[in-house]
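Engineer: Respectively, the protein sequence lines represent chains A and B.
With my numbering applied, the first sequence corresponds to residues 1 to 595, in that order.
With my numbering applied, the second sequence corresponds to residues 596 to 1190, in that order.
Here you go, one structure.
2 protein chains.
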Amino acid sequence: MKIAIAQLNPTIGDLPGNAQKILLLAQQAAAQGARLLLTPELSLCGYPPRDLLVNPGFLEAMDVALQQLARDLPPQLAVLVGIAEENSKAHSNGGKTLFNSIALLRQGSVQRFFHKRLLPTYDVFDENRYFEPGLQANYFTLDNINIGVTVCEDLWNDEEFWGRRTYAINPIAELAVLGVDLTVNLSASPYRVGKAGFREAMLTHSAVRFQQPIIYANQVGGNDDLIFDGSSFALNRQGEVVFRLPAFKTDLQIVEFDEAQQDLRHGFVTPRYKSEDEEIWHALVLGLQDYTRKCGFSKVVLGLSGGIDSSLVAAIATAALGKENVFGVLLPSPHSSDHSITDALALAENLGIKTQILPIGELMRGYDDTLAELFAGTEFGLAEENIQSRIRGNLLMAISNKFGHLLLSTGNKSEMAVGYCTLYGDMNGGLAVIADVPKTRVYSLCHWLNSQGNLPLTYLQNRWKGEIIPQNVLTKAPSAELKPGQVDQDSLPSYDILDDILLRLINNYQSAAQIAAAGYDPVLVDRIIQMVARAEFKRRQAPPGLKITDRAFGNGWRMPIASNWVAVKNSYQSKNIPTPTLVSLDVHNAHPKIQ
Amino acid sequence: MKIAIAQLNPTIGDLPGNAQKILLLAQQAAAQGARLLLTPELSLCGYPPRDLLVNPGFLEAMDVALQQLARDLPPQLAVLVGIAEENSKAHSNGGKTLFNSIALLRQGSVQRFFHKRLLPTYDVFDENRYFEPGLQANYFTLDNINIGVTVCEDLWNDEEFWGRRTYAINPIAELAVLGVDLTVNLSASPYRVGKAGFREAMLTHSAVRFQQPIIYANQVGGNDDLIFDGSSFALNRQGEVVFRLPAFKTDLQIVEFDEAQQDLRHGFVTPRYKSEDEEIWHALVLGLQDYTRKCGFSKVVLGLSGGIDSSLVAAIATAALGKENVFGVLLPSPHSSDHSITDALALAENLGIKTQILPIGELMRGYDDTLAELFAGTEFGLAEENIQSRIRGNLLMAISNKFGHLLLSTGNKSEMAVGYCTLYGDMNGGLAVIADVPKTRVYSLCHWLNSQGNLPLTYLQNRWKGEIIPQNVLTKAPSAELKPGQVDQDSLPSYDILDDILLRLINNYQSAAQIAAAGYDPVLVDRIIQMVARAEFKRRQAPPGLKITDRAFGNGWRMPIASNWVAVKNSYQSKNIPTPTLVSLDVHNAHPKIQ
Chain A
1 MKIAIAQLNP TIGDLPGNAQ KILLLAQQAA AQGARLLLTP ELSLCGYPPR DLLVNPGFLE
61 AMDVALQQLA RDLPPQLAVL VGIAEENSKA HSNGGKTLFN SIALLRQGSV QRFFHKRLLP
121 TYDVFDENRY FEPGLQANYF TLDNINIGVT VCEDLWNDEE FWGRRTYAIN PIAELAVLGV
181 DLTVNLSASP YRVGKAGFRE AMLTHSAVRF QQPIIYANQV GGNDDLIFDG SSFALNRQGE
241 VVFRLPAFKT DLQIVEFDEA QQDLRHGFVT PRYKSEDEEI WHALVLGLQD YTRKCGFSKV
301 VLGLSGGIDS SLVAAIATAA LGKENVFGVL LPSPHSSDHS ITDALALAEN LGIKTQILPI
361 GELMRGYDDT LAELFAGTEF GLAEENIQSR IRGNLLMAIS NKFGHLLLST GNKSEMAVGY
421 CTLYGDMNGG LAVIADVPKT RVYSLCHWLN SQGNLPLTYL QNRWKGEIIP QNVLTKAPSA
481 ELKPGQVDQD SLPSYDILDD ILLRLINNYQ SAAQIAAAGY DPVLVDRIIQ MVARAEFKRR
541 QAPPGLKITD RAFGNGWRMP IASNWVAVKN SYQSKNIPTP TLVSLDVHNA HPKIQ
Chain B
596 MKIAIAQLNP TIGDLPGNAQ KILLLAQQAA AQGARLLLTP ELSLCGYPPR DLLVNPGFLE
656 AMDVALQQLA RDLPPQLAVL VGIAEENSKA HSNGGKTLFN SIALLRQGSV QRFFHKRLLP
716 TYDVFDENRY FEPGLQANYF TLDNINIGVT VCEDLWNDEE FWGRRTYAIN PIAELAVLGV
776 DLTVNLSASP YRVGKAGFRE AMLTHSAVRF QQPIIYANQV GGNDDLIFDG SSFALNRQGE
836 VVFRLPAFKT DLQIVEFDEA QQDLRHGFVT PRYKSEDEEI WHALVLGLQD YTRKCGFSKV
896 VLGLSGGIDS SLVAAIATAA LGKENVFGVL LPSPHSSDHS ITDALALAEN LGIKTQILPI
956 GELMRGYDDT LAELFAGTEF GLAEENIQSR IRGNLLMAIS NKFGHLLLST GNKSEMAVGY
1016 CTLYGDMNGG LAVIADVPKT RVYSLCHWLN SQGNLPLTYL QNRWKGEIIP QNVLTKAPSA
1076 ELKPGQVDQD SLPSYDILDD ILLRLINNYQ SAAQIAAAGY DPVLVDRIIQ MVARAEFKRR
1136 QAPPGLKITD RAFGNGWRMP IASNWVAVKN SYQSKNIPTP TLVSLDVHNA HPKIQ
């Protein structure tokens, strides 16, 4: 039996558009002799629909679209479509008003619904906000083959693999007891570095343990901060990867279930990326491309400082949208170095993008004049530094407003973590492209990009010159250039130290004591933790940032602002270690949160 | 038996500080002969602690603080303290790693834990993200009185009162079956207009139905966007309010349980507010005061336009912080009317606050010059309007940075809904004071404030002149004054119409067809719905806004940005009504999201 995997890129809420995509792929699948088509979780509305799900009109329209789709589909093809389904017993039994469901469409009608059983409610996931868990094991029979149906998280609770349970049940264990021949998993699993490989390892464990061939069909595409990588695959009963779809691309592929062997046949296994940098690059290109496109833009604008962050973002934007759709603006001040201009222009030439130079010195004087009386007797400081950044932000937004270009924000994760960025200044933008990319990864991505000299990076659409990111951008000391001679390391430790501390703190949930025990100066660790805490008010007002790690600042990071938990102080207290003296912070913070 | 209610105002995450507050009130309660002290839900860490709960160091410190508090408390007093408690069976049984618990502290130790059973996961609540529900009815015996223990949402599922169930069980029904003498409810229930009265009506139903005296102890204070009103109360077995604490104030009161009557005795019932305006005013004053204080500020700055929004915010700030801590900045442009200055100065004089005038005309010319070449041949439009607003935003942030004043944003809910505001301009600030106050309510609050002429509004700390908000501010046509002769109603319907449409759309979840059926022009309704949808990217970057309605833009509003759900279009389609032509939108949007 031929089973088609539709690795779809839906637009959130675009019910007619998504239905049309499913229909076209179904027609192709039927033409190739497929009997069953798999689409991703919530494929009709796109994942995550978020609070569109509390809109009764939206739910009504989804049902209408589903019924219409059932009538339009090729009748001989069974199609599994993800939808939000009303829980008709919610008000009598108690419970959430919806199920996260898979509809089985066949022969012109909606034949059955299967309910997702394990509902992730952590990190970026809010499924308990909307959905009631399904209570029954889900399967159906097609051509005498019993097919188990699971939805994303349903297969993320193998207690042998994880060494613990996250939910009380493991749906595939129940399906195995029921004797299904094959389990399919319809997913909307967001990208993080290395996740595709992790999924395969995890499901391989379940395939072997429960003697189940598994077909894993994942959504692809960028939806606000989340990038879905696709990377759908199939495992045979021995847990071997017999089929793998490409990452970050819409695709339709057909997997064959051999009835005699009761197993999946070997097919085309797309090679994995050769490096994390390559994988992240493609993730960011898709994330930028989809956010731009799905918001209705075709062109972007960004500030080019000659630094590595804006250089990388410009390269990503060029790859995503084409050189003719990227506009780089140079905004030099009297504090800017000569190389800030020459490096930015060299980058723009490498990329083939249009630029404009708008010096901000006159405007800086204008602000100085306007504030002269009020600021009389004060020293040049953070206020004046931030004014420069906000002049740039204003000019870039004016260009965005005037020409309908989406403004891209270019701050990296290290900056966003410690607040080394100006709210309403360089943080401005509709999308923060590298907000989840630590500075050290920014460097490695640029080195990777430059190393691709012999590969046909055709989407960069420029004459290839052996390097994209100019050498000087890679080698000079990072600087905000907001006062004479300033470099980032005046205020911050070296980025390899900073990024490792941040990784331990943010991604690995380590305490100050644990981080210090790894060999870092406890005073420095405390200072970094303080900086992260006091930058919360900035992050709250940041644009969506593309998520590439397991813990990003965004929908999955929900911290109070007006709080007085100073992690370091309390964790030291609980261990009877004296509280260290606070080091004064020289960051571009907008207001001093913790005194 | 005397039972004390501690209506506490904790600071999120401030474990030592909150423990100290509990200790002081416990000592007072013990001195007054109380046998039991009730504190709010999660009183040790404050509610909502949000993702501090995924920090192992924080949980460890909370346990340390709890044990220390148990040792420090008066031994003869039983104290119920709210904490996050580790679920030791989570990894073996599956489930969330924490319980939302009440600890019973007595005789120097932590004697028992009670687990919250119903976990709200909707609107601003994320409890399923962290907590596992408790499975057992909670009660304990003190002086031979059996006391049922419930936590906030546990009493929000009376299916008779609601006409439906939200959860499968109703904890007070189980407690009644067990024969408890009294039920206490420890809450952290955020404020919305009229909620205190609603809570009393709801619990009166349960008290009568289950023949239970109920003591309801609620948190007070502002925590980011949420304001907790306190308004704790007690009901006797007949459902009468026998005790009511004030709203928006920290308090300690003692309720008496009469063992002979098996009921609560009558005590002091604080009168309710006389109007919604009075209630909202006090909510906003507390919300502003606590956000400012808990973030470590004492002074605030805001732009005074002479309009009603900034006038109201200035009055709230003056009431909250004192006139010496509020700095009003007038930022006139060549498009500003004369009355923008005179009205703002009259307001400032009424309030007694300091002002500064910073004209922005020179800076506007500076931007025009800088952008002249790039913008050559284009018309004055939204880009130029927004530049003005962003110059003001930059100047206000410079003052904030220079002097350590918290910048207050003054936009109202109507503007935030339709995007009639400039991102990085007038939206700038650490707190959006009236972001959940519709424009029509802004007017009624100002009229209420002016009507208080004979009351001792002592916290305004100024010489009373018979009015706070100048008459001209109340009567002139609202205008952004970003181009000559502009008034809001060039772009928007009258605010009474706009606000009613928004109320139906946002708070009442009505579809376009339902709103039109209430008598509104369908084209206008569609246009408003479009404006709300396309302003999502602005709201995502807005500061926290104080929540006063049942649906605010903030933590409880989780909408996708890059989405294509156009509610009006789809809902019309599903009813086979032709899709109306889109009206061009003349709002100050930063980029055109929907084309």
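Don't be surprised by glycine CBs; every beta carbon is placed ideally from N, CA and C.
Going by C-alpha to C-alpha distance, which of A:ASP154, A:PHE113, A:ILE501 sits closest to LEU524 of chain A?
Structural biologist: Counting from one through the first sequence, the residue named residue 524 of chain A turns up at place 524. Nearest C-alpha to LEU524 of chain A: A:ILE501.
Engineer: Compare the C-beta of ILE994 of chain B against all C-beta atoms of chain A and say whether one is closer than 8 Å.
Structural biologist: To locate residue 994 of chain B, count along the second sequence from 1; it is residue 399. Interface residue, yes.
Engineer: Just to confirm my understanding: we take ASP718 of chain B, look at its own chain, exclude 5 residues before and 5 after, and list those with CB closer than 6 Å. What are they?
Structural biologist: Your numbering for residue 718 of chain B matches position 123 in the second sequence. Same-chain partners within the cutoff: GLY1151.
Engineer: Can you give me, in chain order, the residues of the stretch 887–905 of chain B that have a beta carbon less than 9 Å from any beta carbon in chain A?
Structural biologist: Those would be THR887, ARG888, LYS889, CYS890, GLY891, PHE892, in chain order.
Engineer: Report the rounded CA-to-CA distance for ASN1184 of chain B versus ASN428 of chain A, giving the unit in angstroms.
Structural biologist: Sequence index remark: in the second sequence, residue 1184 of chain B carries index 589 (1-based). Sequence index remark: in the first sequence, residue 428 of chain A carries index 428 (1-based). Here ASN1184 of chain B scores only 37 on pLDDT, less than 50, and its place in the model is too uncertain to base an answer on.
Engineer: What does LYS402 of chain A touch in chain B if you count any residue whose Cβ is under 7 Å from its own?
Structural biologist: Sequence index remark: in the first sequence, residue 402 of chain A carries index 402 (1-based). Correct list: PHE970, THR973, ALA978.
Engineer: If you check the beta carbons only, do LEU1002 of chain B and MET992 of chain B fall under 8 Å apart?
Structural biologist: Along the second sequence, one-based indexing puts residue 1002 of chain B at 407. Along the second sequence, one-based indexing puts residue 992 of chain B at 397. Yes. Within cutoff.
Engineer: Could you check the C-alpha separation between PRO544 of chain A and ILE316 of chain A for me, to the nearest Å?
Structural biologist: Residue 544 of chain A sits at position 544 when you count from the first residue of the first sequence. Residue 316 of chain A sits at position 316 when you count from the first residue of the first sequence. Near 16 Å, if we compare the C-alpha coordinates of ILE316 of chain A and PRO544 of chain A.
Engineer: Pull up the distance between the alpha-carbon of PHE210 of chain A and that of LEU245 of chain A, whole angstroms please.
Structural biologist: For the purposes of this step, residue 210 of chain A is taken as the residue at position 210 of the first sequence. For the purposes of this step, residue 245 of chain A is taken as the residue at position 245 of the first sequence. Looking at the two C-alpha atoms, the distance is approximately 24 Å.
Engineer: Does the distance from the CB of LEU609 of chain A to the CB of ALA314 of chain A come in under 8 Å?
Structural biologist: It is not possible to answer for residue 609 of chain A, since the shown part of chain A is limited to 1 through 595.
Engineer: Three-state secondary structure (DSSP) at ASP658 of chain B?
Structural biologist: Against the second sequence, residue 658 of chain B aligns to sequence position 63. Residue state, collapsed to three classes: helix.
Engineer: Could you tell me the alpha carbon to alpha carbon distance between ILE678 of chain B and PHE653 of chain B, rounded to whole angstroms?
Structural biologist: Residue 678 of chain B sits at position 83 when you count from the first residue of the second sequence. Residue 653 of chain B sits at position 58 when you count from the first residue of the second sequence. Their backbone Cα atoms lie some 12 Å apart in a straight line.
Engineer: Output yes or no for whether 8 Å exceeds the beta carbon distance between LEU647 of chain B and VAL674 of chain B.
Structural biologist: For the purposes of this step, residue 647 of chain B is taken as the residue at position 52 of the second sequence. For the purposes of this step, residue 674 of chain B is taken as the residue at position 79 of the second sequence. Cβ distance not < 8 Å, so LEU647 of chain B and VAL674 of chain B don't count as in contact.
Engineer: Can a CB atom of chain B be found closer than 8 Å to the CB of GLY362 of chain A?
Structural biologist: The residue labelled residue 362 of chain A in the question sits at position 362 within the first sequence. It should be noted that the sequence gives Glu, not Gly, for residue 362 of chain A. Answer yes: the Cβ-Cβ gap between GLU362 of chain A and chain B drops below 8 Å somewhere.
Engineer: Which first and last residues belong to the alpha helix (DSSP H) in which THR937 of chain B is found?
Structural biologist: Here residue 937 of chain B refers to the residue found at position 342 of the second sequence. Segment 933–946, the alpha helix (DSSP H) holding THR937 of chain B.
Engineer: In whole angstroms, what separates the C-alpha of GLU198 of chain A from that of ARG192 of chain A?
Structural biologist: Within the first sequence, numbered from 1, the residue matching residue 198 of chain A stands at position 198. Within the first sequence, numbered from 1, the residue matching residue 192 of chain A stands at position 192. The sequence given here has Phe at residue 198 of chain A, not Glu. Cα to Cα, the separation comes out at about 10 Å.
Engineer: So who's on the other strand from LEU737 of chain B, going by DSSP bridges?
Structural biologist: Counting from one through the second sequence, the residue named residue 737 of chain B turns up at place 142. Looking at the DSSP assignment, LEU737 of chain B forms a beta bridge with B:ILE740.
Engineer: For a quick check, are the C-beta atoms of LEU639 of chain B and ASN604 of chain B less than 8 Å apart?
Structural biologist: Here residue 639 of chain B corresponds to residue number 44 of the second sequence, with the count starting at 1. Here residue 604 of chain B corresponds to residue number 9 of the second sequence, with the count starting at 1. Contact: no.
Engineer: 8 Å is my cut-off, CB to CB: does ASP938 of chain B come that close to chain A?
Structural biologist: Counting from 1 along the second sequence, the entry for residue 938 of chain B is found at position 343. Chain A contact via Cβ: absent.
Engineer: For ASP1083 of chain B, does the count of other Cβ atoms within 10 angstroms reach 16, so buried, or fall short, so exposed?
Structural biologist: As a working note, residue 1083 of chain B is residue 488 in the second sequence. Buried: at least 16 other Cβ atoms inside 10 Å.
Engineer: Near LEU781 of chain B, what residues of its chain come up, given a Cβ to Cβ distance below 8 Å and the 5 sequence neighbours on each side ignored?
Structural biologist: Taking the second sequence and counting its residues from 1, the one referred to as residue 781 of chain B is at position 186. Answer for LEU781 of chain B: LEU633, THR634, PRO635, GLU636, SER638, LEU675, GLY677, ILE697, VAL744, THR745, VAL746, CYS747, ALA812, listed in chain order.
Engineer: So GLY46 of chain A and ASP14 of chain A are supposed to be a Cβ contact under 8 Å. How far apart are they, rounded?
Structural biologist: The residue labelled residue 46 of chain A in the question sits at position 46 within the first sequence. The residue labelled residue 14 of chain A in the question sits at position 14 within the first sequence. Their Cβ separation, rounded to whole angstroms, is 7 Å, which keeps GLY46 of chain A and ASP14 of chain A in contact under 8 Å.
Engineer: Is the CB of MET416 of chain A under 8 Å away from at least one CB in chain B?
Structural biologist: Mapped onto the first sequence, residue 416 of chain A falls at position 416. No, its Cβ sits nowhere closer than 8 Å to a Cβ of chain B.
Engineer: At 3 residues or longer, and completely inside the stretch 276–305 of chain A: list those beta strand (DSSP E) runs for me, N to C.
Structural biologist: Counting only runs of 3 or more, we get 300–303.
Engineer: Does any residue of chain B have a CB that is nearer than 8 Å to the CB of ALA4 of chain A?
Structural biologist: The count along the first sequence starts at 1 and reaches residue 4 of chain A at position 4. For ALA4 of chain A, the answer is no, since every Cβ of chain B falls outside 8 Å of its Cβ.
Engineer: State buried or exposed for LEU178 of chain A, treating a residue as buried only when at least 16 other CB atoms are found within 10 Å of its CB.
Structural biologist: Within the first sequence, the letter at position 178 stands for residue 178 of chain A. Its Cβ having fewer than 16 others within 10 Å, LEU178 of chain A is exposed.
Engineer: How would you call PHE863 of chain B, buried or exposed, if buried means at least 16 neighbouring beta carbons within 10 angstroms?
Structural biologist: Position 268 of the second sequence holds residue 863 of chain B. PHE863 of chain B should be labelled exposed.
Engineer: Please go through the same chain and pick out, in chain order, the residues whose beta-carbon is closer than 8 Å to the beta-carbon of GLY404 of chain A, but skip the five residues on each side of it.
Structural biologist: Locating residue 404 of chain A in the first sequence gives position 404, counting from the first residue. Cβ within range, chain order: PHE297, LYS299.
Engineer: Among the residues of its own chain, which have a CB less than 7 Å from the CB of ASN157 of chain A, if the five just before and after it don't count?
Structural biologist: Position 157 of the first sequence, counted from the first residue, corresponds to residue 157 of chain A. Answer for ASN157 of chain A: LEU118, ARG165, THR166, TYR167, ASN170, listed in chain order.
Engineer: So for PRO56 of chain A, helix, strand or coil by DSSP?
Structural biologist: Counted from its first residue, the first sequence places residue 56 of chain A at position 56. Three-state DSSP puts PRO56 of chain A in a helix.
Engineer: What is the DSSP secondary structure of ARG701 of chain B, counted as helix, strand or coil?
Structural biologist: Taking the second sequence and counting its residues from 1, the one referred to as residue 701 of chain B is at position 106. Strand.
Engineer: Could you check the C-alpha separation between ALA4 of chain A and GLY361 of chain A for me, to the nearest Å?
Structural biologist: Indexing the first sequence from 1 puts residue 4 of chain A at position 4. Indexing the first sequence from 1 puts residue 361 of chain A at position 361. Their Cα atoms are separated by approximately 60 Å.
Engineer: Give the interface partners of PRO1139 of chain B over in chain A, defined as CB-CB distance under 7 Å, in chain order.
Structural biologist: Your numbering for residue 1139 of chain B matches position 544 in the second sequence. The contacting residues are ARG540, ILE561.
Engineer: Write down the C-beta distance between GLY817 of chain B and ALA842 of chain B rounded to the nearest angstrom, noting that I regard them as a contact closer than 8 Å.
Structural biologist: Within the second sequence, the letter at position 222 stands for residue 817 of chain B. Within the second sequence, the letter at position 247 stands for residue 842 of chain B. With a Cβ gap of about 13 Å, GLY817 of chain B and ALA842 of chain B do not count as contacting.
Engineer: Measuring CA to CA, which of B:SER1074, B:ASP1116, B:GLY988 is closest to SER935 of chain B?
Structural biologist: Reading the second sequence from its first residue, position 340 is the one you call residue 935 of chain B. Selected option, being the one with the closest Cα: B:SER1074.
Engineer: In three-state terms, what does DSSP make of LEU639 of chain B?
Structural biologist: Counted from its first residue, the second sequence places residue 639 of chain B at position 44. The answer is coil: DSSP assigns LEU639 of chain B none of H, G, I, E or B.
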